[in-house]
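So the sequences go chain by chain: V and R. All residue numbers for the first sequence refer to the working numbering, where the first residue is 1 and numbers rise by one. All residue numbers for the second sequence refer to the working numbering, where the first residue is 1001 and numbers rise by one.
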Amino acid sequence: MNPLLYGLITGVLFGFLLQRGGVLRYERQIGALRLMDMTILKFMLSSIIVAMVGIYFLKDMGLVKLNLKPTILGAQIIGGLIFGLGWGVLGYCPGTQMGALGEGRWDALWGIMGMLLGAAIFAEVFPLMKASVLTWGVYGKITLPQILGINHWVIIVPFVIVSIGLFLWFEKKGL
Amino acid sequence: MDTQRGKSWNPYAAGALSGLVSIGSVYFADKYLGASTTFVRTAGIIEQQFAPDRVKTMEYFIKEKPIVDWQTLFVAGIFLGALFAALMFNDFKKQAIPPMWEKRFGSSVTKRALFAFLGGAVAMFGARLADG
C-alpha cells in the first residue's frame, strides 16, 4: 500500500484519539506545565507504556526495527529548553495544534504559521548549528539498556511499574 | 465535567489506544510517529515558489527534502481525525482565544495571534535543533 495512505490513516486514528482524550486544548497543555492538570501526562505515559512494550516485544520476535535518533546532548538540551519556552507561550505542540484546529480552536493557525517560520529560520542557520551546538556531546544512536549493558525488559518493567504508581498518585491527588 | 456534551474519554484508555496506533504504524508501515519534520518540508515547498534555486543549494533542505511524504499526510490526518471526533461527539467549538489565556492576558485576538505566532516559531526552532 502507498505510504501516503498509511500516513493519512495513522494520522486520522491518532487525531481521533487525541480529541477523545481531551488533550488538544490549550488549558490541558498549559495546565500540565503549571502542574495543575495531568491529563496530558496520563495520555502520553499510557501511550508510551503500550507502545514501548509492544514494539520491544515485536523487536524480540524479529518483526520490527528500532529507528533511533542520535543522542546529541547539546542540541537536545538547548533545543528542549527553547522548545519549552515556545510551547509555554503557544500552548500547542507541532502535532497537536493540527488537532486543536480540527476541533475548532483556530488560534492554532497562528501557531502553525509561526512553526513554518521557525522551521525556515532553522534551515537558514543549520550550517552554523552543525558547526557548533550539533557537535556538543555527541553519543550516536544509543539506548539506555545498551549503555547500561542490561536486557531492555529490566528497564521496561520498572518503568511500567513506576508509571502505574504515578497514575495512582495522580488519581489520589485529583490531578 | 458534569455535562454529556463534549465529554472526553478516559485519558488512560485513549492514550493506550494511541499506543496501539503507534505499534501498528511501526509494524505495518515501518514508520515511527512524528510531526515536526513536516514543518521543515512544507517551509521548503513554500520557499521553492519564490526561490527554487536557493532552496536547492540549502544544506537543510537537501537533508530534509521539500516534498509531501508519509509524515505530511500523518499531520494532515491528525487534523481530520480530530475534526471527525469533535463532530461525532458534539465537541466542536469555534474558539479564537483559549479561556485560560483570556483570563490572564485579556480578550485581544491580535495579542493572542502575535504571541501564538512567536511561540510557534520559537518552539519549532527548538524542536528542530533537538531533532524531534
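Ideal Cβ placement from N, Cα and C applies to all residues, glycine included. All figures in this text were calculated on a predicted structure; none of them were measured in a lab.
Original post:
Thinking C-beta only, is Ala1035(R) closer than 8 angstroms to Phe83(V)?
Top reply: Start at 1 with the first residue of the first sequence, and residue 83(V) comes out as number 83. Start at 1 with the first residue of the second sequence, and residue 1035(R) comes out as number 35. No, the pair does not count as a contact, with Cβ atoms beyond the cut-off.
Original post:
Just the Cα atoms here: how many angstroms apart are Ile9(V) and Ala1086(R)?
Top reply: Reading the first sequence from its first residue, position 9 is the one you call residue 9(V). Reading the second sequence from its first residue, position 86 is the one you call residue 1086(R). When rounded, the distance between both Cα atoms is 17 angstroms.
Original post:
For Leu68(V), which residues from the same chain have a beta carbon less than 8 angstroms from its beta carbon, with the 5 sequence-adjacent residues on both sides left out?
Top reply: As a working mapping, residue 68(V) is identified with position 68 in the first sequence. Around Leu68(V): Lys141, Ile142, Thr143.
**OP:** Answer yes if the stretch 1073–1089 of chain R comes into contact with the stretch 1052–1063 of chain R, meaning at least three C-beta pairs across the two stretches below 8 angstroms, and no otherwise.
**Re:** Contact fails: fewer than three Cβ-Cβ distances are below 8 angstroms.
Original post:
When you compare only the Cα positions, how much space is there between Ala123(V) and Ala1116(R)?
Top reply: Position 123 of the first sequence, counting from 1, holds the residue named residue 123(V). Position 116 of the second sequence, counting from 1, holds the residue named residue 1116(R). In this structure, the straight-line span from the alpha carbon of Ala123(V) to that of Ala1116(R) is close to 21 angstroms.
Original post:
With 8 angstroms set as the bound, which would you pick, yes or no: does the beta-carbon of Asp1002(R) sit closer than that to a beta-carbon of chain V?
Top reply: Mapped onto the second sequence, residue 1002(R) falls at position 2. Reliability fails at Asp1002(R), whose pLDDT of 43 lies under 50, so the model's placement of it is uncertain and the value that follows must be treated cautiously. For Asp1002(R), the answer is no, since every Cβ of chain V falls outside 8 angstroms of its Cβ.
Original post:
Based on Cα-Cα distance, which residue from Ala1013(R), Phe1039(R), Ala1014(R), Ala1029(R) lies nearest to Ala120(V)?
Top reply: Start at 1 with the first residue of the first sequence, and residue 120(V) comes out as number 120. Nearest option by C-alpha distance: Phe1039(R).
**OP:** Name, going along the chain, the residues of the stretch 1103–1129 of chain R whose beta-carbon falls closer than 9 angstroms to a beta-carbon of chain V.
**Re:** So the close ones are Val1109, Arg1112, Ala1113, Leu1114, Phe1115, Ala1116, Phe1117, Leu1118, Gly1119, Gly1120, Ala1121, Val1122, Ala1123, Met1124, Phe1125, Gly1126, Ala1127, Arg1128, Leu1129.
**OP:** Assign Met1001(R) to one of two classes, buried (16 or more other C-beta atoms within 10 Å of its C-beta) or exposed (fewer than that).
**Re:** Here residue 1001(R) refers to the residue found at position 1 of the second sequence. With a pLDDT of 43 at Met1001(R), under the threshold of 50, the predicted position of this residue should be treated as unreliable, and no value is reported.
**OP:** Closer than 8 angstroms by C-beta to Ile55(V): which residues in its own chain qualify, once you throw out the five before and the five after it? Chain order, please.
**Re:** On the first sequence, residue 55(V) is found 55 positions in, with the first residue counted as 1. These residues qualify, in order along the chain: Val64, Leu66.
**OP:** For Gly21(V), collect the residues of the same chain with a Cβ closer than 7 angstroms to its Cβ; drop the 5 residues on either side in sequence, then sort them by chain order.
**Re:** Within the first sequence, the letter at position 21 stands for residue 21(V). In chain order, Phe43 place their CB closer than 7 angstroms to the CB of Gly21(V), counting only its own chain and leaving out the 5 sequence neighbours on each side.
Original post:
Could you give the distance in angstroms between the alpha-carbon of Val1109(R) and the alpha-carbon of Ile40(V)?
Top reply: Here residue 1109(R) refers to the residue found at position 109 of the second sequence. Here residue 40(V) refers to the residue found at position 40 of the first sequence. Taking the straight line from one Cα to the other gives about 26 angstroms.
Original post:
Buried or exposed: which applies to Asp61(V), given that a residue is buried once 16 or more other Cβ atoms fall within 10 Å of its Cβ?
Top reply: Along the first sequence, one-based indexing puts residue 61(V) at 61. Rather than Asp, the amino acid found at residue 61(V) in this sequence is Met. Burial is judged here by how many other beta carbons sit within 10 angstroms of a residue's own beta carbon; Met61(V) has fewer than 16 and is exposed.
**OP:** Look up Val125(V) in the DSSP assignment and give the residues it is bridged to.
**Re:** Position 125 of the first sequence holds residue 125(V). Within the DSSP secondary-structure output, Val125(V) pairs in no beta bridge.
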